[in-house]
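Top line first, the protein sequences correspond to chains H and R. The numbering of the first sequence is the working numbering, which starts it at 73 and goes up by one. The numbering of the second sequence is the working numbering, which starts it at 51 and goes up by one. These notes concern the structure reproduced below.
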Amino acid sequence: MDERVYSYYVPGHADATTIEAQIMGLHLTFAELWGWSGQQGFLSCWQIGTDVASAGATQGVEVPFYQYANLNSENAGVQYLWSKCYDFINNANIIISIVGENNKSAAAEAKFFRAYAYNILVTLWGNVPLIDEAITVPRTDFTRQKIADVDQLIDDDLTYAIANLPEVGKAADESRINKDMARQLAGEAYLRMGMRDNSYFVKAEQVLTDIIESKKYTLIDERYGDTSEAGDYYHDMFKWGKQRRSQGNTEAIWTFEMEYNRNVNGGTIDNPQHRRVWQPAYHKWDGMVNCDSLGGRGNGRLRLSNFMKYGLYEKGDIRNSNYNIRRYTYYNRPNWSAEIGIDAKGFRVDKSSPKAVRVITVKTGDRAIPYETDSLEVWYPHTTKWGAYDVTDDFGYAVVKDWPVMRFGETYLLRAEARFRQNNLSGAAEDINKLRDRAFKIARQQTGNPNLGKISASDITLDFILDERARELIGEENRRMTLVRTGMLAERIEKNGDKVPYAPENKVITGFQNYNVLLPLPLTEIQLNKDAALEQNPGY
Amino acid sequence: MKMKKKISLNLTKGIVFVFLWMISLTMFAQELTVRGSVKDMKGEPLIGVTVRIEGTTIGTITDLDGFFILSNVPGDATLDISYVGMKTQRIPVNGRTAIDVVMEEEPEMLEEVVVVGYGTQKKSDITGSVTSVPKDRFSKLPVTNVLQAIQGVAAGINVTQSSSIPGDAPSVMVRGRNSINASSEPYIVVDGVPLSKTDGSLNDINPNDIESMEILKDASATAIYGTNGANGVILITTKRGSTGKPVIRYNGYGGVEGMAHVLEPGSPEQVLERYAEYARIQGASLYQGGPIRYEYEAENYANGKTVDWIDLVTQTGNIQDHNLSISGGRENVKYYVSGDFMNEKGIVKGYNYKRYSIRTNIDMNPTDYLTIGANSYIVSHNRDGGRANLLNAEAMSPYAKVYEEDGSLTHYPMYSETLWANPLLPATLDPERRQFNISVNGYGEVNFGNIWSPLSGLRYKLNAGYTYVPWRTNEYEGKSVYNMTGWGKIFNRETQTWTLENILTYNKDFDVHHFDFTGLYAASRKHYQESTSEGSIFPNDDLEWGNLGAAATHKVGSYADLYTSLSQMGRINYSYDSRYLFTFTVRRDGSSVFGVNNKYGVFPSAALGWNMSREKFMEPMVNVLNNLKIRLSYGKSGNEAIGVYQSLTKMSTSALAMGKASHTTLTTQSSMGNNDLSWETTTGFNGGIDFGFLNNRVNGIIDFYKTNTSDLLLRRSLPQITGYQNVWANMGKTSNTGVEVTVNSKNIVTKDFTWSMGIVFSWNKNKIIDLYGDGKDDIGNRWFIGHPIGVIYDYTMVGIWQEDEIAAGEHLNWDPVAQAGDVKLADISGPEGKPDGKIDDNDRSILGQTSPKWIGGLTNTFSYKDFSLSIFINTVQGLMRNNTTIGTASDEMGRRNGPAEIGFWTPENKSNTWRSLSNTSNRHGYGFPSDASYTRIKDITLSYNLPSVVIKNIGISGIQLYLSGRNLYTFTDWIGWDPEARYDPRGSGNWGTNYPVVRSYILGVNVTF
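Have a look at this one:
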């Protein structure tokens, strides 16, 4: 009557190869989390309803993240992020408890992911249940632990991880966790912890300095790799095939590798929605076909906010070039032409429309003219960081390209923030100028002004740092987490700039109240945890 | 393909020709009319006695005065005269036209013998609750699975045909749901060998081969199946040969199929209206300014052309079945051999089903004390074919573009909309779906009484069964479905099961005491394994799945498991004077699926019966009330119906690419392990009355039952904080209370005309008694104490928010986030237990149950001379389902076609039924539960027996022709394709294979040579 198990591995093996596969499982969970297609608008939840992005052709799950009155404990995005965090924690706990001190590098990698998950939880939910060993019997008596207790575990885990993880270039694969990834995560976590205990700002600066001083990374300020396609050096970092350190990206700290699962088993986990979220649906124009230089087929789920689109970048900033924030394009359907109307504001209208002030013929190669309503999903200035195209998959439900998770550029931004918090404004300016030297390099050459874009200590404010983060990291950082971490969500929402009547009523931010800074705990968690009260965050 | 079609057409033509030829021959035959009377030994006329020409189905019954007239009797025929409680007589006609018969009572050898577990029993001796399915449902109906034929005709059995895809089996439940998460399907045993847990299904059993079907319902009847008994047991006995000259039968039918109900898509005008309204709401533009939405609609719109997409993906289906059987035997050998071919071409393109089967049943007596036999069958199922996508067809705009300029199918007919692909694309594929069942079952029985007479009554039987069920699916997707690099997959799986049973029985009669004992020692083993091979990136599409090795990227997978069980059982039946009946059983089962700490369980039961009509004091009433039996039973049975390895914490293996190479990953599965996992136990009480009035002209069964299931196999949801989603645990209690009534009556019996009626009614009340031992509901899982297991727990919709209401601020203290056109939900409660001016989880309540409150069936059969007309109506009442058709309307309907009968709100029309087309018009996630009750005219069959004298001369002893229609009309308030049928919305479940309910008309013939 004993069950012979033929096809399942069961937890409990401590040998290195089994543990290795379990560690890879943590990386898989990472892929499942951010590549989720179950709710296609999931990625938008962390961008819209903030200063940088507004709703486009929404899928649904992200709607309460800008129409805040709808944000409640049954939101599927809230539920998913929460459950994936505890997936990390459980799988990490299993590994940590089995290997003990016998396999420090495995324990270190597991602790990195445990800290990664707890950092998300604490940032977005506040007090959360703290589980630091594997659960083997059903439990329904969880209570929320103080943030300080959870932070202690994050600190311990990352300290252990930094001590025991390999140096960059020494891990089994370049995507595997190394010391610098742990340092960068620690830098971000300590900055958050510093908000309640200033001593962490010193620690934050230290771990970030360790990355910078290691001299293993340099900011990309020259084109590299295949440069046959028009572009610039900033754009090169986000081209598939050039994103990894091994592919010449000296700025990459953590580039999460993807492959086409058609070519390599284990590529394309689920169907990452980044392109469909960040890229507009220009395929809806009859004069356009999907192509590589335009980054393939988007869905326009979110739009950059007016704040992001207009006035944020100074003239000459490479990060705002048409390769990086694409603002216009040209009809590209071969041998195409059409007669169209143009209205008083210069938008396209039907040629027979009474609004047409003139009728023109447009053809392949002409600059594309949008309808006025197109700016909601079909065409708008957008970041090209998530563009990618595969000719055999024109529809492209999944985007297949690497994910820039941690970049050396952000290291400077994080350290600038740590220095700012310690009133070292000139140090902060120095760090940010590193990014500006890169961003304005060409413009300085062209204008002959070596100080173009340079800032000084007096420019440094928290808002300036957040602006610079948006300029540098749009499409990369989890903007909501950044704003919540710095306590700036409410203030920065005001900057978004999309307002009625210039945007439709159902596309602008409404209903934000201060309690919305923290997310609600998933309702089912509270209901299933029947033996103890899991307090809901106030307001929900 | 064309070739095959031609052959089957010719086959049909050929069969029709043969029948016409046979019928023309019969015109020359002779006939006699035989009259007579039937009396009992006291000289009283007997009413309702069956008089039948032996070897045929042709016969009549005696009228109120005991007289009968039977026309068209061949002069050399033999009449079979049978009656409940009397000895059957065989009387050769010998050219006579008048025959009077006196029937002898036969108290010892009562009429019907009923198959019970591990043996048979006289019907009058049965103490438990056993339903025998009316035999006339096994023929004359175009069903591919016997459960389809018994839907609604057997009390306490709820059959649901959620999918009408050719070759799909219905689901069945006996006496309500005991289990919350574990399977509630009954245990199926064919000829003493389990079919359940072999991965075979009732689809493998040809309805033509079935002799009888019994359903064991109460705990006393099912306890002998121990851990497999709690959900009821279906026992099927196939036909066997009998001594005599060979009987050759041909049963065949052919007919056409269509959609029983079409959910009409919106008209072109409706579609344009919806587009316009949706564009208004979205502030988005239509194609070139409208009124169409998409580039690919432009051409048809400009030319004023529309496409009927439903018509494009559907067709007139057809079905045919041919069954040839030979049965007979000599003194020591009896045989039954049958072969069958069934072919169904479905009503949606590409849905095909072919079944070939052969069965051989043999019984031999090599010595007078030894009987050996075998029941073997081989079935082949073929469900090949690329299947058109009905949901995508419904979604298509009438202006959408079917073909590209080069004649190939468009990828997205509503391009630039790419959510809905061309519904015909999958029909360009050529997948193979094959399944087989090879079952070899044998037995040997020793009758010790024939070895040494003092051992008379002692028998030993060895039953051995082996089943091999291989399946395979081969698929390929290439350029025809816009997979530009090609992808192929072969999936193989197989199950091997063996069962071994040692059965010892002992029968003894002394004086008025009858005693029998059955003992069982049994073991079974089921080994399953599967393998998958996939390839991507092929040089071209020529070879499809034929050479997966030619692919550039490969992926393989495999899985295997083993299930074992060990059982002992004992049963004692005792009856005193056939008046007082006792049954006691006990079974001990061990099963591998449970936790290491709980492998074995014991299941006892007891029952008693009282044949009241055999008491002296009842004698004066015997002419009116000729049968009255009271039955009581109480017992325990189990349910282990969860998969293997559920008690273990397991890890999933997957792959993750890093460094351009694949790496194995291990992550915990969503289910936590549980070492204490054991079966759930159902304890049940059953009380029943069997009755017969007026020589059984009115007879029936009434049963009342109450079962309590405890230690439920509950897949309990866990907080995700644990890292797991759920765990299988034994907790909670449920109960089922129910009443079942079966009444059969002969309303009119005259010489030429009879009208008989069968009524079946089952009412079941299912309740959760407890969950976690603390009397608390589990709202997360939607389990509520005191309510049925499946409930609809949702908001109450009270209308649609109107603009003036919003403007007046009525929503502010009700549902502050509401906008005009949104679903208006009642603010029922809040955290304080009263309305709180906010719509949230506190406003959900239990609105209904997902299983029917009662089901019923009514069969009316009218016979006039050789004609018979049977009308069967079934009804399913008191259940609710979430209506996904309405649920997925709204914003999707602004982008695709949707049902004509679903409207939408606009500021002008102020609909209070339909919400707006905004994608937030149902912001609280209301499920649109609707009443899914229905009443169906399930089938009507008209049959005609050709007069035997007409056909006798050509060596045919009987021909029956019939015309049958199925799913003829449905009365329901449900909006959608059908209230019974599965309908999965886009992207969920099996949405690619939604299939309408089928209406069929067939013409059939049964010939006995």
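Think of the CB as a built atom: it goes at the ideal place given N, C-alpha and C, for glycine as much as any other residue. Computed from a predicted model, the values in this text were never measured in an experiment.
Listed by chain order, chain A residues near residue i by CB distance under 8 Å
i      : result
R986/R : Considering every chain present, this structure includes no chain A. Its protein chains are H and R.
Straight-line Cα distance separating residue j from residue i
i       : j       : result
V68/R   : S375/R  : Its pLDDT being 44, under 50, V68/R is placed unreliably in this model, and the coordinates cannot settle the point.
T1020/R : R986/R  : 4 Å
N747/R  : N794/R  : The question names Asn, yet the displayed sequence has Arg at residue 747/R. Roughly 8 Å between the two C-alpha positions.
P296/R  : V1057/R : 14 Å
Y461/H  : V471/H  : 8 Å
S286/H  : V279/H  : 11 Å
D559/R  : L631/R  : 14 Å
Y650/R  : R637/R  : 11 Å
T483/H  : I161/H  : 26 Å
S189/R  : Y152/H  : 53 Å
G121/H  : K874/R  : 26 Å
R965/R  : R945/R  : 15 Å
F803/R  : T100/R  : 14 Å
D175/R  : G640/R  : 30 Å
F922/R  : R1049/R : 14 Å
T89/H   : E181/H  : 15 Å
A243/H  : N505/H  : 31 Å
Chain H within 8 Å of residue i, Cβ atoms only
i      : result
P866/R : yes
M72/R  : Interpretation of M72/R is limited by its pLDDT of 42, a score under 50 that renders its predicted location unreliable; no figure is taken from the coordinates.
T731/R : no
E158/R : Because E158/R sits at a pLDDT of 45, beneath the cut-off of 50, its placement in the model cannot be relied upon, and the following sentence gives the value as read from the coordinates. Not closer than 8 Å to any Cβ of chain H, the Cβ of E158/R fails to qualify, so no.
M223/R : no
Q201/R : no
N969/R : yes
Q139/R : no
G339/R : yes
L616/R : yes
S335/R : yes
L459/R : no
Closest Cα partner of residue i within the set the options
i      : options                           : result
I390/H : T195/H, V82/H, I598/H and Y305/H  : Y305/H
T911/R : M722/R, R187/R and P463/R         : R187/R
Q696/R : D981/R, T963/R, R765/R and F653/R : R765/R
A707/R : S393/H, W408/H and Y332/H         : Y332/H
M136/R : G98/R, L698/R and I680/R          : G98/R
P448/R : R483/R, H563/R and V357/R         : V357/R
S617/R : Y571/R, N432/R, V606/R and D886/R : Y571/R
Proximity test, Cβ basis, 8 Å: residue i and chain R
i      : result
V133/H : no
R334/H : yes
N162/H : yes
Chain H contacts from the region 698-717 of chain R (Cβ-Cβ distance under 9 Å): Correct list: L698, T699, K700, M701, S702, T703, S704, A705, L706, A707, M708, G709, K710, A711, S712, H713, T714, T715, L716 and T717.
Chain H contacts from the region 865-896 of chain R (Cβ-Cβ distance under 7 Å): P866, V867, D890 and D891
Residues of the region 636-657 of chain R whose Cβ lies closer than 9 Å to any Cβ of chain H, in chain order: G640, S641, S642, V643, F644, V646, K649 and Y650
Chain R contacts made by the region 239-271 of chain H, where a contact means CB separation under 9 Å: Cβ contacts with chain R come from A244, D245, E246, S247 and R248.
Residues within the region 532-552 of chain R neighbouring chain H, beta-carbon criterion of under 9 Å: Y532, N533, M534, T535 and W537
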